[in-house]
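Chemist:
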Amino acid sequence: IVPRNVRADESIVAAEANRSFSLQASIRSWNPADPIHSHKQHSRGMCSPGGTIGIGVGGKNGFSVEVRCLPGDRSMAAVIKLEPSESNRTLDASTTEVDLSDLHSDYISVAEDDDGRKYFLIIEPEILETRLPTQFKAEALAIYDWDFPSSPVIVDDEVYVGRVGMSGGPVVGIDIAGIAGIEFSLLPLKDGTPTGTLQGGTLTIGTDDHVVMISGVRNGAAKQTLDGPHKVWVRNTAGSNSAEEMKTLLREQLQLIEKRKADGDASITDDVIARVRGFIESGRPMLLGSHARSVRQGDLQE
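Below is the structure:
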C-alpha cells in the first residue's frame, strides 16, 4: 500500500478557493504471507475538523476505533482511541494523537489473529477545495472553437477523403488534394465569404467547383452540437494543389516512404502506402492535412 498524494484538481487550485482538510479512516486486514488474495476492507469513515469517526471489527480479537479530527488552520491532526472488545485479550485500550500535516498516511498495526492475519488502522489525509464564485466571462465558453472527433469528410456527396480528428481554436484549415486548401470560421474572416453552413453538427462548405461536407462537428468548451443554421466564413489558402501536381508529389513521396518501410520504419504501415498508391492510380481526392488555431491579427474583417 502506497500513501496517497493530495487529491486536488489543478484547475480549482489555480482559482480562488477555500481549502480545508478531511481524514479518511479505514480498518483493513491481510495475511503477510499472501496480502493480495487475503486483503479485506472492514469498515471506513470520514471526518472534517471537529468531527468524529467511529469504526470497528468484531470477532475474538475485535476492537473499536474513535478518530476525532482536531481543528487547525495550518495543521492536520487527530486523536485516536482504541478500545478492545471484551473477548480481546491481546490489545490494551489507548489514546494517541497523530499529526498528518505532512500529508503522509498513517498506518497503525492494531491486532493479529491466530492464523497470522493482521489488522491495520489506516488514516489518510485529504485536501478539500471549495471553489468560490467568480465573475462570469463569456469567453470562457469558447463558443467559436471547433471540435472534430474523428469526423468524416465527404466531397460532392459521394467521395470519402478521410477523417478530421482535432480540436482547438476558432480558425480551422483543411487541405484536400485536387480539391481545395481552405480556412473557415464562424467569425467573419478577412478575404473570406460566407459560403459555408453549420447545422445540426454538419458543416457544409461550397468551393468554386465542389462541396465539402464534414459531419459530427461540435463547438465550444462544452463540445456541443449547434442547431443552426449558422454562417461559416471560408477563404482559400495557398496550400491546395491540382490533382496532377499532387500526383507528381505523391509519386516522389511514395518512393521515400516505401524505402523507409523497407529500412524498418514501423510508423509506415501498409494502409498508409495503399492510400497514397490508391490516390495516384485513381486520382480520387485525399485529405492531406488539417489544423486548428487561434485568431491572429489581421484574420478578421474590420
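Just remember that the numbering used here sits 747 ahead of the position in the sequence shown, which is counted from 1. All residues carry an ideal CB built from backbone N, CA and C; glycine is no exception. Computed from a prediction, not measured in an experiment: that's the story for all the values here.
Given this structure, state the Cα-to-Cα distance separating Q1044 from L950, to the nearest angstrom.
Modeler: Within the sequence shown, numbered from 1, the residue matching residue 1044 stands at position 297. Within the sequence shown, numbered from 1, the residue matching residue 950 stands at position 203. Going by the C-alpha atoms only, they are around 25 Å apart.
Chemist: Measuring alpha carbon to alpha carbon, tell me which of L850, I855 and T837 ends up nearest T843.
Modeler: Looking up residue 843 in the sequence shown gives position 96. Closest option to T843, Cα to Cα, is I855.
Chemist: What would DSSP say about H786, mapped onto helix, strand or coil?
Modeler: Along the sequence shown, read from residue 1 onward, the residue named residue 786 stands at position 39. If DSSP states are grouped into helix, strand and coil, H786 belongs with coil.
Chemist: Taking only the alpha-carbon atoms, compute the straight-line gap between E999 and I923 and give it to the nearest angstrom.
Modeler: Indexing the sequence shown from 1 puts residue 999 at position 252. Indexing the sequence shown from 1 puts residue 923 at position 176. The straight-line gap from Cα to Cα measures roughly 18 Å.
Chemist: Just verifying my parser: in three-state terms, what is the DSSP assignment at R982?
Modeler: Indexing the sequence shown from 1 puts residue 982 at position 235. In this structure, R982 counts as strand in the three-state DSSP scheme.
Chemist: Cα separation between D892 and P935?
Modeler: Counted from its first residue, the sequence shown places residue 892 at position 145. Counted from its first residue, the sequence shown places residue 935 at position 188. Cα-Cα distance, rounded: 14 Å.
Chemist: Whose CA, out of T984, V1023, R775 and L945, lies closest to the CA of A858?
Modeler: The count along the sequence shown starts at 1 and reaches residue 858 at position 111. When only C-alpha atoms are compared, the closest one is R775.
Chemist: Under 6 Å Cβ to Cβ from L888, same chain only, skipping five residues before and after it: list those, please.
Modeler: By 1-based counting over the sequence shown, the position of residue 888 is 141. Excluding residues within five positions, the ones whose Cβ falls inside 6 Å are G967 and A968.
Chemist: Given that a residue counts as buried once 16 or more other Cβ atoms are within 10 Å of its Cβ, and exposed if not, what is Y907?
Modeler: As a working mapping, residue 907 is identified with position 160 in the sequence shown. So Y907 ends up on the exposed side.
Chemist: Using the three-state DSSP reduction, which class does L847 fall into: helix, strand or coil?
Modeler: Counting from one through the sequence shown, the residue named residue 847 turns up at place 100. In this structure, L847 counts as coil in the three-state DSSP scheme.
Chemist: Hey, I961 and V911 are a contact pair by Cβ (cut 8 Å); roughly how many whole angstroms apart?
Modeler: Here residue 961 refers to the residue found at position 214 when the sequence shown is read from its first residue. Here residue 911 refers to the residue found at position 164 when the sequence shown is read from its first residue. That pair is a contact at about 6 Å.
Chemist: Near I890, which residues of its chain fall below 6 Å by C-beta distance, leaving aside the five closest residues on each side in sequence?
Modeler: Here residue 890 refers to the residue found at position 143 when the sequence shown is read from its first residue. Closer than 6 Å at the Cβ level, and outside the excluded window around I890, lie G967.
Chemist: May I have the straight-line CA-CA distance separating R836 from F768, to the nearest angstrom?
Modeler: Taking the sequence shown and counting its residues from 1, the one referred to as residue 836 is at position 89. Taking the sequence shown and counting its residues from 1, the one referred to as residue 768 is at position 21. Between R836 and F768, the C-alpha separation is close to 36 Å.
Chemist: Which class does Q1000 belong to by DSSP, given the choice of helix, strand or coil?
Modeler: Counted from its first residue, the sequence shown places residue 1000 at position 253. The answer is helix: DSSP assigns Q1000 an H, G or I state.
Chemist: Can you have a look at A772 and say buried or exposed, based on whether 16 or more other CB atoms are within 10 angstroms of its CB?
Modeler: Indexing the sequence shown from 1 puts residue 772 at position 25. Classification for A772: buried.
Chemist: Contact between the stretch 868 to 880 and the stretch 780 to 789 is defined here as three or more beta-carbon pairs at a separation below 8 Å; is this criterion met?
Modeler: Flag = no, the stretch 868 to 880 and the stretch 780 to 789 do not touch.
Chemist: Considering only their Cβ atoms, is the gap separating V981 from D904 smaller than 8 Å?
Modeler: Start at 1 with the first residue of the sequence shown, and residue 904 comes out as number 157. Start at 1 with the first residue of the sequence shown, and residue 981 comes out as number 234. For D904 and V981, no; Cβs fall outside 8 Å.
Chemist: State the Cα-Cα distance for the pair V760 and T877, rounded to the nearest angstrom.
Modeler: Position 13 of the sequence shown holds residue 760. Position 130 of the sequence shown holds residue 877. For V760, the predicted model reports a pLDDT of 42, less than 50, meaning its position is unreliable; a value from the coordinates is still stated below. The alpha-carbon atoms of V760 and T877 are separated by roughly 9 Å.
Chemist: Would you tell me roughly how many angstroms separate the C-alpha atoms of M793 and F883, rounded to the nearest one?
Modeler: If you number the sequence shown from 1, residue 793 lands on position 46. If you number the sequence shown from 1, residue 883 lands on position 136. Whole-angstrom Cα-Cα distance: 34 Å.
Chemist: Given S795, which residues of its chain have a CB within under 7 Å of its CB, disregarding the five upstream and five downstream residues?
Modeler: Within the sequence shown, numbered from 1, the residue matching residue 795 stands at position 48. Once the five neighbours on either side are set aside, the close Cβ partners of S795 are S767, S769 and C816.
Chemist: Look up D1006 in the DSSP assignment and say whether it is helix, strand or coil.
Modeler: Position 259 of the sequence shown holds residue 1006. Looking at the sequence itself, residue 1006 is Lys, so the reference to Asp does not match. If DSSP states are grouped into helix, strand and coil, K1006 belongs with the helices.
Chemist: Decide if V1019 is buried, meaning its Cβ has at least 16 other Cβ atoms within 10 Å, or exposed.
Modeler: For the purposes of this step, residue 1019 is taken as the residue at position 272 of the sequence shown. Flag for V1019 reads exposed.
Chemist: Could you tell me which of V814, Q1002 and N765 sits nearest to D879, measuring between CA atoms?
Modeler: To locate residue 879, count along the sequence shown from 1; it is residue 132. Residue identity differs from the one stated: residue 879 is Leu in this sequence, not Asp. Ranking the options by Cα distance to L879, first place goes to N765.
Chemist: What would DSSP say about L838, mapped onto helix, strand or coil?
Modeler: In the sequence shown, counting from the first residue as 1, residue 838 sits at position 91. Here L838 sits in coil by DSSP.
Chemist: Could you tell me if D894 is buried or exposed, where buried requires 16 or more neighbouring beta carbons within 10 angstroms of its beta carbon?
Modeler: On the sequence shown, position 147 is the one that residue 894 refers to. Buried: at least 16 other Cβ atoms inside 10 Å.
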